[in-house]
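One structure below.
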DNA sequence: CTGTAAATATAACTATGTTTAATTTGTGAC
DNA sequence: GTCACAAATTAAACATAGTTATATTTACAG
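Protein chains in written order, with the working numbering: chain E, 1 to 224; chain H, 225 to 448.
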């Protein structure tokens, strides 16, 4: 049947992306197939290739949406914090939450390797940089006398570290498997790293009682 | 052609694993196929299923060997260091080296998700714990007054962090792409984290001039 | 009303993992 | 020695995958 006109090309695209996200969320990337997506939106497989160049492109699009959603989640997680230390902890916590709640979609962002080297690189890098810059903004406030480059490096190191914990936890490579101890791990890394940073930054503490809470969490946070 | 007797079951197994490793190393996991492995060792696909239950099992076996090889590499990287700080930096550097040199095999350890939940969990966890304990040993020397549990937490956090940097670097999600700046990132994370740890450990510095080198690297290591 | 191009489906092609059914061949019994 | 049986190996078959090519339907232009 030809041009039904029921859905525009953009609509089909959106429907396909949503269906794919749902499949991936439930069954992981290995559960994704072109025919499954097509039938989920009431079309046959050929129509998918009318909208996407190939499955790789669909996956890249899903990854892009995941990164957007992640960015929104992270910014929303920071509305309540006032001191950079607390904000960074909130960021870490929210990141862990997102990774835990959307394991498969989150993993796919980092694990999918397109077979035909195409467009994905630049798009993803920008969206990833945007995430890192959330961390940079906080670090800049915290370590005022550091240069832009130093802040960039610090944000890369710290955030990659949080990312690593999330991966280790989700792939079950850590000894402690419960959610709480993983959360404590993240707090532990962030706070110790910041303590290390402030060794050279004498006047890092500008916030009032929140910073106190932060420092109190440094050690005993994981002792239970 | 029946029992040729040219190779024992164990020999075929070893040959298949080596062939698979080579394919993965060159083309990545997506390039791996049962028929490709079989033909690489001069057999047909059916014979693979005489030795392995399925492809998942083969992959798990490869992953196990990768973890063993990684463990050996890391222990060898520590023969020249005397002070825990230097040893930890050597560990981080060696880990990054291995990940960079064997990208696909290294990624597969963390990225492959078996479709039929089978045996892999326990084996991998043990081998992973062994890696973490290399870090624990160093931290134990460095922070003598910390409890075993605290050391475990610290090692998990720090090593997951290094792992995260390696992943971010390899998946091209970091701004700085050259090998040197990634290496600096790792040094940066390790040294700042250790500085943070020693905030509560007054007498952490026991080594002589090596510790000096270590501290000197804290800041300017990434400034170039 | 008719033709044309777009939208969609159907079918085909190749490659994959896995299973089943041959087939070959070493080896022990007699 | 040769005969049978079991083990080792191949060949074939099946289901499903991504992708491409072809057919078919339908909206719209004239």
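Every residue gets a Cβ at the ideal spot worked out from N, C-alpha and C, and that includes glycine.
Keep in mind it's a predicted model, so treat the numbers as computed, not measured.
Proximity winner among the options, relative to residue i (alpha-carbon distances)
i, options, result
"residue 161 of chain E", "E/88, E/16, E/114 and E/130", "E/88"
"residue 92 of chain E", "E/191, E/198 and E/196", "E/191"
"residue 195 of chain E", "E/171, E/168 and E/85", "E/85"
"residue 15 of chain E", "E/24, E/95 and E/40", "E/40"
"residue 74 of chain E", "E/62, E/94 and E/106", "E/94"
"residue 103 of chain E", "E/60, E/29, E/175 and E/158", "E/29"
"residue 294 of chain H", "H/364, H/376 and H/348", "H/348"
"residue 67 of chain E", "E/77, E/38 and E/109", "E/109"
"residue 229 of chain H", "H/258, H/248, H/267 and H/241", "H/267"
"residue 169 of chain E", "E/181, E/159 and E/113", "E/181"
"residue 7 of chain E", "E/32, E/31, E/33 and E/47", "E/47"
"residue 323 of chain H", "H/300, H/354, H/287 and H/390", "H/390"
"residue 257 of chain H", "H/377, H/321 and H/280", "H/280"
Three-state class that DSSP yields for residue i in the structure shown
i, result
"residue 303 of chain H", "coil"
"residue 339 of chain H", "coil"
"residue 203 of chain E", "With a pLDDT of only 43 at residue 203 of chain E, under 50, the local geometry of the prediction cannot be trusted, and the value read off the model is given with reservation. Residue 203 of chain E: coil per DSSP, three-state reduction."
"residue 328 of chain H", "helix"
"residue 183 of chain E", "helix"
"residue 416 of chain H", "helix"
"residue 91 of chain E", "helix"
"residue 398 of chain H", "coil"
Burial state of residue i (16 or more Cβ within 10 Å)
i, result
"residue 20 of chain E", "buried"
"residue 50 of chain E", "exposed"
"residue 422 of chain H", "buried"
"residue 233 of chain E", "No answer is possible for residue 233 of chain E: the residues shown for chain E start at 1 and end at 224."
"residue 250 of chain H", "exposed"
"residue 225 of chain E", "Since the first residue of chain E shown is 1 and the last is 224, residue 225 of chain E is not available in this structure."
"residue 107 of chain E", "buried"
"residue 213 of chain E", "Its pLDDT being 40, under 50, residue 213 of chain E is placed unreliably in this model, and the coordinates cannot settle the point."
"residue 79 of chain E", "exposed"
"residue 351 of chain H", "buried"
"residue 177 of chain E", "exposed"
"residue 156 of chain E", "buried"
"residue 339 of chain H", "exposed"
"residue 388 of chain H", "buried"
"residue 148 of chain E", "exposed"
The ligand FAD heavy atom lying under 6 Å from the CB of residue i
i, result
"residue 59 of chain E", "No copy of the ligand FAD appears in this structure; indeed no ligand is present at all."
Taking Cβ-Cβ distances below 9 Å as the criterion, which residues of the region 83-95 of chain E are in contact with chain H? none
For the region 121-157 of chain E, which segments carrying the beta strand (DSSP E) assignment without a break, of at least 3 residues, lie completely within its bounds, in sequence order? none
Residues, ordered as in the chain, of the region 327-342 of chain H that lie near chain E by beta-carbon distance below 7 Å: 334, 335, 337 and 339
What runs of the alpha helix (DSSP H), each 4 residues or longer, lie entirely inside the region 5-87 of chain E? 9-27, 34-40, 45-51 and 55-77
Between the region 377-400 of chain H and chain E, which residues of the former have a C-beta closer than 9 Å to a C-beta of the latter? 377, 378, 380, 381, 382, 383, 384, 385, 386, 387, 388, 389, 390, 391, 392, 393, 395, 396, 397, 398, 399 and 400
Using Cβ-Cβ distances below 8 Å, what residues of the region 231-245 of chain H are close to chain E? none
Using a beta-carbon distance cut-off of less than 7 Å, what residues from the region 249-269 of chain H approach chain E? 252 and 254
For the region 346-357 of chain H, list every residue whose C-beta sits within 8 Å of some C-beta in chain E, in sequence order. 348, 349, 352, 353 and 356
Using a Cβ-Cβ cut-off of less than 7 Å, give me the residues of the region 287-298 of chain H that come near chain E, in sequence order. none
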